[in-house]
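Undergrad: Residue numbers (the working numbering), protein chains in the order written: chain F, 1 to 173; chain X, 1001 to 1854.
All C-beta atoms, glycine included, are put in the ideal place defined by N, C-alpha and C.
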């Protein structure tokens, strides 16, 4: 049942993406989440789908243009393939106005990410690792991951501290 | 240069090592910096998460889960929240197993077991969490129990994380500190190397500065030397172009500095006739190592601007200039020096001329004094032969003594003159040293007796035959020294020592000394005593009657003999006068014997001869005439040269005495005329009678045919000696060859030694004739044997035997020839020996004739 539902959701999402790509005005609007909200972005953003801000369920996340890369991390063993939404695209999509993102996790871990960190080829909000969604017991469902192997600048403690897993909130300040 | 090179090498070496050191240290520093940079980079790009934080989060997540469990147990909780907190804790634990930050936990066995316990708890619980709500609620107490069990493990991990992190940072710090220390050390070394280099550079700069300053000083000095030099200095290039010309040169050559620069040295400053010589001199030296500078100073002429030549002293040095060799000519105008030298030469010539004049004057004066003195002494001699009172005899003795002293003084002066003018002429004759010594001691013994002085002769060293020496000179030295010593040593001892030492090549070293035990001579006077007219002590004046010329004469004579008269003396102890000389030894030759001793007995036996006496001075003529008449001779007198020549032509005289200094026609000219005439006395022996006893004169006399010279004043004893000698010669000579033999009397060996033969006559008496015949026939036989043999040893033996016989019979000439042959044989020169045979035969014929005539 669940598989069937996600398939129909996938078709719908693909349709929606086509529509969004075709109509720039759609970029100004953001569909309200239907499933369980996995990420809420609040604060100084232009594009919202609720009073408090922009809320995403996993379907919405996956509906956004995806980015993927392969890298090792200090928390895992061996190379991992991550797929997710580029933080830059997310920031652009929501027309963020502030200077930094305060990202928080389910475990109440919280870290400030300066807006400049969100660049093309930079961090993504990953929702899949090695082709599978990430369970909550293993840093899921969302994890901000950097391409550590590609850029030595990302192999710093600051970057590691910004690599927040079990992400569920971003407050723009 | 030789010393500079190693210094430079050493400096280069130091510089090179400093550079190498600096590069090495710099490389090390760069390498270490790279390492440090990498290390820092590594620390910056932390390979792992913050361990402490991860484990602290583990504890937090644990407590949050525990809190949720306890809240649910109390009925206030919410299972959804509990499940969330479980998931979070689960995620954290799984991170510890996989994450690099906590990998070290797996390296420790205890930690690994604890981690396994945690995992085991989660694995046991996960079924309950994922189960239905009711089952989960029911199992809450069980979960709480499990949590209580793992709580110490979680806390333990958090605590160990602190220690681990501390260790880790310590290690990092230590490593970085160590790296920094190494780099610091390397930097210090680099600093040292650079500092050393700087010091070396500073020192080199200093040295360079000093050198530069020295060079500048030296240049300044040279420039000032060049400018201030009193000599003209002209610097020219190899091609002769003048490149510098100093102030003195301007004055010397009358040219300005500007006018001379760039001009040709030779065209400008060298007289035309000398240019080619100069040029070729420089060109010839160009290729050789020693340049013109090696020539040293030389005198030459230079050209003045106005065209006249100036005498200059030139010295040319060469040096490497910028464009090849340069010559530096130092020229000194020596016009003044040349003038002064000229003046000095003139002054010297004048002084010499004056000295010669004085000498001549002295000689003439002495001569003029001696002539009247002769008269005086001869007159005194004649008075003695008359009847005298005792008083008159005593006065006569006094007059005689005074005359003796006076003539001694005159003779001294003439001696010096004679020695001076005889310098350079060889007066050597064959002398028997021992005879000479005995003859010298004889006359001195009277003086010694008078002074009560003991007189010794010590003859040491080799036995000698004849030596070649100036007999009269040697005898006079010894006589002067002895008489001097005896005068100074009354009642003392005077010793004459003579040592002869045979040297190689027939030389003989003769050492003479006369020592006395007299009063000695003060050290300050010892040099002075050899000067003329010096008398040291007034007591000497009183005792002796010296002119003060005695030692001066001895010194001069010693010099003419090739020796040097020296004096050692100590006051009150005595004096030693000594001199040495080296002469030739003539072993094979027999010296001509001294004139035969005369005694009263022989006078009456003198054969009467016809004698012509040519003398312008009446007194002298009368005196000599009287002496000769007293001796039983027949005398004719001629008052001048012309009269003498005329008388000689009309009568054949046995002997002619010819005065030299005569007005109108002197003795030499007169002799020439007699010899050149066809007069009866054409071949008569003519003897010069003169006060001039100089060797040149004697030679001149001999050249015109005089047989010998008699020196005035002629005393009776002198005349007796002469006549005896003359008669002996006459008996041994063939009258025809008389002239030749007499002329060369001092050079030839007489055929018969009259002393030896006289003895033989005394011994054999009337039978001498038989002995002579035996001798002649023996030698004639031996001559044939000698000439027949061609064996060297036999020749030598025969010559020896014959020489012995000849010596026994006083055949002196024959003996000399035979001895020469024997000597040649001894030295292996047989050919030379045989070459003497003709002479031997000739001498033998003459000798035989002489013996037959006896």
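For the candidate residues X:1321, X:1216, X:1327 and X:1817, whose alpha-carbon lies nearest to that of residue 1265 of chain X?
TA: Here residue 1265 of chain X refers to the residue found at position 265 of the second chain. Measuring from the Cα of residue 1265 of chain X, the nearest candidate turns out to be X:1327.
Undergrad: Based on the DSSP output, what are the partners of residue 1585 of chain X in its beta bridges?
TA: To locate residue 1585 of chain X, count along the second chain from 1; it is residue 585. The partner list for residue 1585 of chain X (beta bridge, DSSP) reads X:1467.
Undergrad: Which runs of the alpha helix (DSSP H) fall wholly inside the region 1099-1136 of chain X and span at least 4 residues, in chain order?
TA: List check, alpha helix (DSSP H) in window: 1104-1107 and 1109-1130.
Undergrad: Just checking, does the region 1183-1193 of chain X make contact with the region 1022-1031 of chain X on the three C-beta pairs under 8 Å criterion?
TA: The region 1183-1193 of chain X is in contact with the region 1022-1031 of chain X.
Undergrad: When DSSP labels each residue in this structure, what does residue 1653 of chain X get in the three-state scheme?
TA: For the purposes of this step, residue 1653 of chain X is identified with residue 653 of the second chain, where counting begins at 1. In this structure, residue 1653 of chain X counts as coil in the three-state DSSP scheme.
Undergrad: Based on the DSSP output, what are the partners of residue 1730 of chain X in its beta bridges?
TA: Indexing the second chain from 1 puts residue 1730 of chain X at position 730. Per DSSP, none; premise fails for residue 1730 of chain X.
Undergrad: Which residues of the region 135-157 of chain F have a Cβ closer than 7 Å to any Cβ of chain X? Give them in chain order.
TA: So the close ones are 136, 137, 138, 139, 152, 155, 156 and 157.
Undergrad: Are at least three pairs of beta-carbons, each pair with one atom in the region 1476-1491 of chain X and one in the region 1453-1461 of chain X, less than 8 Å apart?
TA: Yes, since at least three Cβ pairs between the region 1476-1491 of chain X and the region 1453-1461 of chain X fall closer than 8 Å, the two stretches touch.
Undergrad: Alpha carbon to alpha carbon, how far is residue 90 of chain F from residue 24 of chain F? Give it in angstroms, no decimals.
TA: Position 24 of the first chain, counted from the first residue, corresponds to residue 24 of chain F. Position 90 of the first chain, counted from the first residue, corresponds to residue 90 of chain F. Summary for residue 24 of chain F: the model assigns pLDDT 40, below 50, so the residue's position carries little reliability, and this model does not support an answer.
Undergrad: Please determine if the region 1695-1705 of chain X and the region 1628-1645 of chain X are in contact, where contact requires at least 3 C-beta pairs separated by less than 8 Å.
TA: Touching, no, given that fewer than three Cβ pairs across the two stretches are closer than 8 Å.
Undergrad: Would the C-beta of residue 104 of chain F count as close to the ligand GDP, meaning under 7 Å from any of its heavy atoms?
TA: Among the components modelled here there is no ligand, and therefore nothing to report on the ligand GDP.
Undergrad: Can you find the residues in the same chain that come closer than 8 Å, C-beta to C-beta, to residue 1434 of chain X, ignoring five residues on each side of it along the sequence?
TA: On the second chain, residue 1434 of chain X is found 434 positions in, with the first residue counted as 1. These residues qualify, in order along the chain: 1459 and 1464.
Undergrad: Given this structure, state the Cα-to-Cα distance separating residue 1432 of chain X from residue 1466 of chain X, to the nearest angstrom.
TA: By one-based count along the second chain, residue 1432 of chain X stands at place 432. By one-based count along the second chain, residue 1466 of chain X stands at place 466. Rounded to whole angstroms, residue 1432 of chain X to residue 1466 of chain X spans 5 Å at the Cα level.
Undergrad: Count the CB pairs spanning the region 1515-1532 of chain X and the region 1561-1575 of chain X that are closer than 8 Å, and state whether there are at least three.
TA: Taking 8 Å as the limit for Cβ pairs, the verdict is that the region 1561-1575 of chain X does touch the region 1515-1532 of chain X.
Undergrad: Does DSSP put residue 1509 of chain X in a helix, a strand or coil?
TA: Position 509 of the second chain, counted from the first residue, corresponds to residue 1509 of chain X. If DSSP states are grouped into helix, strand and coil, residue 1509 of chain X belongs with the strands.
Undergrad: Can you find a CB in chain X that lies within less than 8 Å of the CB of residue 59 of chain F?
TA: As a first step, residue 59 of chain F is located in the first chain; it is residue number 59 there, counting from the start. It does not; no Cβ of chain X falls within 8 Å.
Undergrad: Rounded to the nearest angstrom, what separates residue 1659 of chain X and residue 1402 of chain X at their Cα positions?
TA: Position 659 of the second chain holds residue 1659 of chain X. Position 402 of the second chain holds residue 1402 of chain X. Cα to Cα, residue 1659 of chain X sits roughly 26 Å from residue 1402 of chain X.
Undergrad: Is there a C-beta anywhere in chain F that falls below 8 Å from the one on residue 1087 of chain X?
TA: In the second chain, counting from the first residue as 1, residue 1087 of chain X sits at position 87. By this cut-off, residue 1087 of chain X is an interface position.
Undergrad: Which residues, in chain order, does the region 59-83 of chain F contribute to contact with chain X at a C-beta distance below 9 Å?
TA: Cβ contacts with chain X: 73, 74, 75, 76 and 77.
Undergrad: Which residues does DSSP pair with residue 1752 of chain X in a beta bridge?
TA: Numbered from its first residue, the second chain carries residue 1752 of chain X at position 752. Answer is X:1811, bridged to residue 1752 of chain X.
Undergrad: Between the alpha carbons of residue 44 of chain F and residue 1099 of chain X, how many angstroms are there, rounded?
TA: For the purposes of this step, residue 44 of chain F is identified with residue 44 of the first chain, where counting begins at 1. For the purposes of this step, residue 1099 of chain X is identified with residue 99 of the second chain, where counting begins at 1. Answer to the nearest angstrom: the Cα atoms are 35 Å apart.
Undergrad: Would you check if the region 1200-1209 of chain X and the region 1301-1313 of chain X touch, i.e. whether three or more CB-CB distances between them fall below 8 Å?
TA: The region 1301-1313 of chain X is not in contact with the region 1200-1209 of chain X.
Undergrad: In chain X, which residues lie with their C-beta within 7 Å of the C-beta of residue 106 of chain F?
TA: The sequence position of residue 106 of chain F within the first chain is 106, counting from 1. 1084 and 1088, listed in chain order.
Undergrad: Taking residue 1374 of chain X as part of the alpha helix (DSSP H), name the residues at either end of that continuous run.
TA: Taking the first residue of the second chain as position 1, residue 1374 of chain X is located at position 374. Residues 1335-1384.
Undergrad: Do residue 1351 of chain X and residue 1477 of chain X have their beta-carbon atoms positioned less than 8 Å apart in this structure?
TA: Position 477 of the second chain holds residue 1477 of chain X. Position 351 of the second chain holds residue 1351 of chain X. No. Outside cutoff.
Undergrad: Could you compute how far the alpha carbon of residue 1852 of chain X sits from the alpha carbon of residue 1808 of chain X?
TA: Numbered from 1 along the second chain, position 852 holds the residue referred to as residue 1852 of chain X. Numbered from 1 along the second chain, position 808 holds the residue referred to as residue 1808 of chain X. Rounded to whole angstroms, residue 1852 of chain X to residue 1808 of chain X spans 17 Å at the Cα level.
Undergrad: Kindly indicate the opening and closing residues of the alpha helix (DSSP H) around residue 109 of chain F.
TA: Here residue 109 of chain F is taken as the residue at index 109 of the first chain, counted from 1. Where residue 109 of chain F is concerned, there is no enclosing alpha helix (DSSP H), given that its DSSP letter is neither H nor E.
Undergrad: I'd like to check one pair, residue 1634 of chain X with residue 1610 of chain X: are the Cβ atoms closer than 8 Å?
TA: For the purposes of this step, residue 1610 of chain X is taken as residue 610 along the second chain, with counting starting at 1. For the purposes of this step, residue 1634 of chain X is taken as residue 634 along the second chain, with counting starting at 1. In contact: residue 1610 of chain X and residue 1634 of chain X (Cβ atoms closer than 8 Å).
Undergrad: Across which residues does DSSP place residue 45 of chain F in a beta bridge pair?
TA: Counting from 1 along the first chain, the entry for residue 45 of chain F is found at position 45. According to DSSP, residue 45 of chain F bridges with F:96.
Undergrad: Identify the contact partners of residue 166 of chain F in chain X, using a Cβ-Cβ distance below 8 Å as the criterion.
TA: Against the first chain, residue 166 of chain F aligns to sequence position 166. 1088 and 1091, listed in chain order.
Undergrad: Around the C-beta of residue 143 of chain F, are 16 or more other C-beta atoms found within 10 angstroms, so that it is buried, or is it exposed?
TA: Residue mapping note: residue 143 of chain F aligns to position 143 of the first chain, counting from 1. Residue 143 of chain F comes out buried.
Undergrad: Given a threshold of 16 other Cβ atoms within 10 Å of its Cβ, counted over all protein chains shown, does residue 1577 of chain X qualify as buried or as exposed?
TA: Position 577 of the second chain holds residue 1577 of chain X. That one is buried.
Undergrad: Taking C-beta pairs closer than 9 Å, name the residues in chain F that residue 1164 of chain X reaches, listed in chain order.
TA: As a first step, residue 1164 of chain X must be located in the second chain, where it is residue number 164. Residues of chain F passing the Cβ test: none, with the nearest at roughly 16 Å.
Undergrad: May I ask you to list, following chain order, the residues of the region 1054-1079 of chain X that have a beta carbon less than 7 Å from some beta carbon of chain F?
TA: Going along the region 1054-1079 of chain X in chain order, one finds 1061 with a Cβ nearer than 7 Å to chain F.
Undergrad: Verify whether the separation of the beta carbon atoms of residue 118 of chain F and residue 88 of chain F is less than 8 Å.
TA: Mapped onto the first chain, residue 118 of chain F falls at position 118. Mapped onto the first chain, residue 88 of chain F falls at position 88. Against a cut-off of 8 Å, the Cβ pair of residue 88 of chain F and residue 118 of chain F comes out as a contact.
Undergrad: Are any of the Cβ atoms in chain F nearer than 8 Å to that of residue 1037 of chain X?
TA: Indexing the second chain from 1 puts residue 1037 of chain X at position 37. No - not a single Cβ of chain F is within 8 Å of the one on residue 1037 of chain X.
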